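*Asks:*
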Amino acid sequence: MSAGDYERAADDLARRCLAKFDDDDATPDARAFALEIVVSQIGGAGGGGNCAMLARVPDVRRSLGDFAARMRPVVGPGAGEFYRQIGDALSVIVGGGLPAAATRQSQADAWLAPVMRYFVQLVSSGDAETAKRACEFWTGIHAIGVAPWTTFYVCTRRAQLAKLFAALIDRMIFRDDVELASFEGLCRAAESAFETIVSVCPLQLVCATLIPLIETRTESESWSVKEAAIRALRAFTNAVGE
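The sequence shown maps to residues -16 to 225 in the working numbering.
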């Protein structure tokens, strides 16, 4: 097989897989598997990657950005794996380890902001399982250390950080329409995500953003709201080690 044939085969595989990922009518499992195929080829064993597939990194970025910009939550069987694969894709494409030629684009490129906004918004989903998956996404940034995309998008934008903090705290408020087991799982996921975000953001920014949210909730007449604020404070102290 010539080099040209090899490149054409890789290009065809990437094109077909990304088309499946872009298909909103496909099952979450199928979309997750399609993305996994491309990302595994890009990352490769030991991070070496498939040279022919590395050329498709801009296409993966574009697919992720376009998907997130539509702001359509993925629910049902396979949704958890779908979101996990997006996290894995970000780990490979943004978390480092790719050759310089494949990472030439700035981390501030337009594709990235919709992805971050999408996962901030998902934390507020009315579906408990979807909200939990979104919380797990934020917790998972520790898998690649202090990720540059987190620092860029969350740590430098106070409005987005406030929105994320508010959503995470609200996930800790008990709701009558959610089963106790589901609520407890969601609450733990929110606390874990909260700790992660606090640990990677500048402390001064965290305090300036968090204090008004805590003050508002501790003044509430609802004990559930007050309790959520207390949980957030506990997560904050766990993160800063005080």
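Just so it is clear, CB atoms sit at the ideal spot from N, CA and C, and this is done for glycine as well. Fair warning: this is a prediction, and the values are worked out from it, not measured in the lab.
Please classify Pro185: does DSSP put it in a helix, a strand, or coil?
*Replies:* Position 202 of the sequence shown, counted from the start, is the residue given in the question as residue 185. The answer is coil: DSSP assigns Pro185 none of H, G, I, E or B.
*Asks:* Between Met54 and Glu204, what straight-line distance do the alpha-carbon atoms span, to the nearest angstrom?
*Replies:* Your numbering for residue 54 matches position 71 in the sequence shown. Your numbering for residue 204 matches position 221 in the sequence shown. So the two alpha carbons sit approximately 33 Å from each other.
*Asks:* Determine the DSSP secondary structure at Ser23, reduced to helix, strand or coil.
*Replies:* Locating residue 23 in the sequence shown gives position 40, where the first residue counts as 1. Ser23: helix per DSSP, three-state reduction.
*Asks:* If contacts are defined as beta-carbon pairs under 8 Å, then Met155 and Glu174 qualify, I think. What distance do you get, rounded to the angstrom?
*Replies:* Sequence index remark: in the sequence shown, residue 155 carries index 172 (1-based). Sequence index remark: in the sequence shown, residue 174 carries index 191 (1-based). Indeed, because the Cβ distance is near 7 Å, the residues count as touching under 8 Å.
*Asks:* Keeping to the same chain, check which residues put their C-beta closer than 8 Å to that of Phe166; ignore five residues upstream and five downstream.
*Replies:* Start at 1 with the first residue of the sequence shown, and residue 166 comes out as number 183. Cβ within range, chain order: Ala111, Phe157 and Arg158.
*Asks:* Identify the continuous alpha helix (DSSP H) that holds Thr220 and give its terminal residues.
*Replies:* One-based indexing of the sequence shown puts residue 220 at position 237. Per DSSP, Thr220 belongs to the alpha helix (DSSP H) from Trp206 to Val223.
*Asks:* Out of Asp12, Leu95, Ala164 and Trp121, point me to the one whose CA is closest to Cys227's CA.
*Replies:* With the chain running from -16 to 225 in the structure shown, residue 227 is simply not present.
*Asks:* In whole angstroms, what separates the C-alpha of Ala15 from that of Glu202?
*Replies:* Translated into positions along the sequence shown, residue 15 becomes position 32. Translated into positions along the sequence shown, residue 202 becomes position 219. Rounded to whole angstroms, Ala15 to Glu202 spans 43 Å at the Cα level.
*Asks:* Starting from the C-beta of Gly61, find all residues in its chain whose C-beta is less than 7 Å away, skip the five residues before and the five after it, and write them out in chain order.
*Replies:* Here residue 61 refers to the residue found at position 78 when the sequence shown is read from its first residue. Here the set comprises Thr10, Pro11, Asp12 and Ala15.
*Asks:* To which residues of the same chain is Trp94 closer than 7 Å at the C-beta, ignoring the five residues directly before and after it?
*Replies:* In the sequence shown, residue 94 corresponds to position 111, counting from 1. These residues qualify, in order along the chain: Arg44, Arg45, Leu47 and Gly48.
*Asks:* Using a C-beta cutoff of 9 Å, does Ala15 count as contacting chain D?
*Replies:* Of the protein chains in this structure there is only one, and it is not chain D.
*Asks:* Please list the segments of the beta strand (DSSP E) lying wholly inside the region -10 to 60, counting only runs of 3 or more residues, in order along the chain.
*Replies:* Runs of the beta strand (DSSP E) inside the region -10 to 60: none found.
*Asks:* Once the 5 residues before and after Arg200 are set aside, which same chain residues still bring their CB inside 7 Å of it?
*Replies:* Stepping through the sequence shown from its first residue, residue 200 is reached at position 217. Ile152, Val208, Lys209, Ala211 and Ala212, listed in sequence order.
*Asks:* From this set, Ala52, Asp7 and Ser23, which residue's C-alpha is nearest Ala(-7)'s C-alpha?
*Replies:* Counting from one through the sequence shown, the residue named residue -7 turns up at place 10. Answer by Cα proximity: Ser23.
*Asks:* Can you find the residues in the same chain that come closer than 7 Å, C-beta to C-beta, to Ser182, ignoring five residues on each side of it along the sequence?
*Replies:* Locating residue 182 in the sequence shown gives position 199, counting from the first residue. Counting only Cβ-Cβ distances below 7 Å, and skipping sequence neighbours, we find Ala222.
*Asks:* For the alpha helix (DSSP H) that contains Ala111, what are its first and last residues?
*Replies:* Taking the first residue of the sequence shown as position 1, residue 111 is located at position 128. Counting along the chain, the alpha helix (DSSP H) containing Ala111 begins and ends at Ala111 to Thr122.
*Asks:* Start and end of the alpha helix (DSSP H) containing Asp153?
*Replies:* In the sequence shown, residue 153 corresponds to position 170, counting from 1. Here the alpha helix (DSSP H) through Asp153 covers Arg141 to Asp153.
*Asks:* Report buried or exposed for Asp160, applying the criterion of at least 16 other Cβ atoms within 10 angstroms of its Cβ.
*Replies:* Here residue 160 refers to the residue found at position 177 when the sequence shown is read from its first residue. With fewer than 16 Cβ atoms within 10 Å of its Cβ, Asp160 is classed as exposed.
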